[in-house]
Amino acid sequence: MFRKFLVFTMLIGFATLAFGHERSWPGRRLYKLWPQVKFFVRVQKSLTPDQVERIERLLGKKLPAEDRSPIFYYAYADKEKKDLLGVVLFVDSTGKNGPIELSFGFDQTTKLQVVDIWQHQENDYIRSKEFLGYFIGKTVTDNLVEGTFSKTPLPSETVHAFITAVRRAQDITLEAFGRRSDRATGVSQ
Numbered sequence: 473m474f475r476k477f478l479v480f481t482m483l484i485g486f487a488t489l490a491f492g493h494e495r496s497w498p499g500r501r502l503y504k505l506w507p508q509v510k511f512f513v514r515v516q517k518s519l520t521p522d523q524v525e526r527i528e529r530l531l532g533k534k535l536p537a538e539d540r541s542p543i544f545y546y547a548y549a550d551k552e553k554k555d556l557l558g559v560v561l562f563v564d565s566t567g568k569n570g571p572i573e574l575s576f577g578f579d580q581t582t583k584l585q586v587v588d589i590w591q592h593q594e595n596d597y598i599r600s601k602e603f604l605g606y607f608i609g610k611t612v613t614d615n616l617v618e619g620t621f622s623k624t625p626l627p628s629e630t631v632h633a634f635i636t637a638v639r640r641a642q643d644i645t646l647e648a649f650g651r652r653s654d655r656a657t658g659v660s661q
């Protein structure tokens, strides 16, 4: 009996992992992130082994399984789907105090337009306009300098985790839409 329960529990756990953030339609979260958007369309992409390898080389670590087949939300300014503002991607990271769940909205050049941190266990400075404002408008070619935040209440591990999440989201977005991410690491100490 215990064995059946254990197998059932493992299956439920694996099924939950397979869906990642997108267990249900995240409409409220999407419209909170990017209020001027009138219409979102969900599109799942699959990264090729070459794309995964390029991203891993740039990040210097393995790409999580859920990021190998990312779900994007195309953000349109109109319901006719003629005016594409960009895409939204949900990404997880781990700061010094635990998981950080993020939503990133990129325009068509992967310039970060909007970001939402919807779960974290870090200092609330992580949601401040000062911290998030540093990243708004950054593209994949911009250098993100971790030392910029050395005099803030955020631990360096958390800053590094956030910057890595931004880079991972940008690289996944570029690769998924057929543009190679050939940037330098773009992360400085």
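Each step along the sequence shown adds one to the number in our numbering, with nothing skipped, and position 125 is 597.
No residue lacks a Cβ here, since even glycine has one placed at the ideal position from N, Cα and C.
Just so it is clear, the structure is predicted and the values come from calculations on it, not from any experiment.
So residue i packs on residue j, CB below 8 Å; how close in whole Å?
i, j, result
"T645", "T582", "5 Å"
"F607", "L626", "Not quite, the Cβ-Cβ distance comes to about 13 Å (not below 8 Å), so this is no contact."
"F511", "K551", "5 Å"
"Y597", "T636", "About 18 Å separates the two Cβ atoms, so there is no contact after all."
Buried or exposed: residue i, going by 16 or more other Cβ atoms within 10 Å of its Cβ?
i, result
"G567", "buried"
"T620", "exposed"
"P507", "exposed"
"S622", "exposed"
"V587", "buried"
"S522", "The amino acid at residue 522 is misidentified as Ser; the sequence shows Asp. D522 should be labelled exposed."
"R500", "exposed"
"A633", "buried"
Please tell me whether residue i and residue j are closer than 8 Å, where the distance is taken between their beta carbons.
i, j, result
"L556", "Y546", "yes"
"S575", "L505", "yes"
"L616", "V638", "yes"
"S541", "S518", "yes"
"L502", "D643", "no"
"E594", "T630", "yes"
"V434", "A641", "The first residue shown for the chain is 473 and the last is 661, placing residue 434 beyond what the model contains."
"A537", "V509", "no"
At which residues does the beta strand (DSSP E) containing residue i begin and terminate?
i, result
"V513", "F511 to Q516"
"L556", "L556 to G567"
"I598", "Where I598 is concerned, there is no enclosing beta strand (DSSP E), given that its DSSP letter is neither H nor E."
"F649", "Per DSSP, F649 belongs to no beta strand (DSSP E) and is neither H nor E."
"D588", "L584 to Q591"
"I608", "Segment: none, I608 is in no beta strand (DSSP E) and carries neither H nor E."
"F621", "That residue, F621, is in no beta strand (DSSP E); it is neither H nor E in DSSP."
"A549", "Looking at the DSSP string, A549 is not in any beta strand (DSSP E), and its letter there is neither H nor E."
Nearest to residue i by alpha carbon, out of the options?
i, options, result
"E647", "V612, H632 and Q593", "V612"
"G650", "Q580, Y503 and E573", "Q580"
"P498", "P536, R526, F544 and V524", "F544"
"G609", "D588, F634 and F578", "F578"
"V515", "K534, R526, G570 and G558", "G558"
"S565", "K553, Q591 and Y548", "Q591"
"S628", "N569, I589 and E573", "N569"
If you follow the alpha helix (DSSP H) that residue i is in, where does it begin and where does it stop?
i, result
"L519", "L519 -> no alpha helix (DSSP H), and no H or E assigned at all."
"E573", "Per DSSP, E573 belongs to no alpha helix (DSSP H); it is in the beta strand (DSSP E), G570 to F578."
"L505", "G499 to L505"
Between residue i and chain B, is the shortest Cβ-Cβ distance under 8 Å, so that the two count as touching?
i, result
"V638", "The question asks about chain B, but that chain is absent: this structure has only one protein chain."
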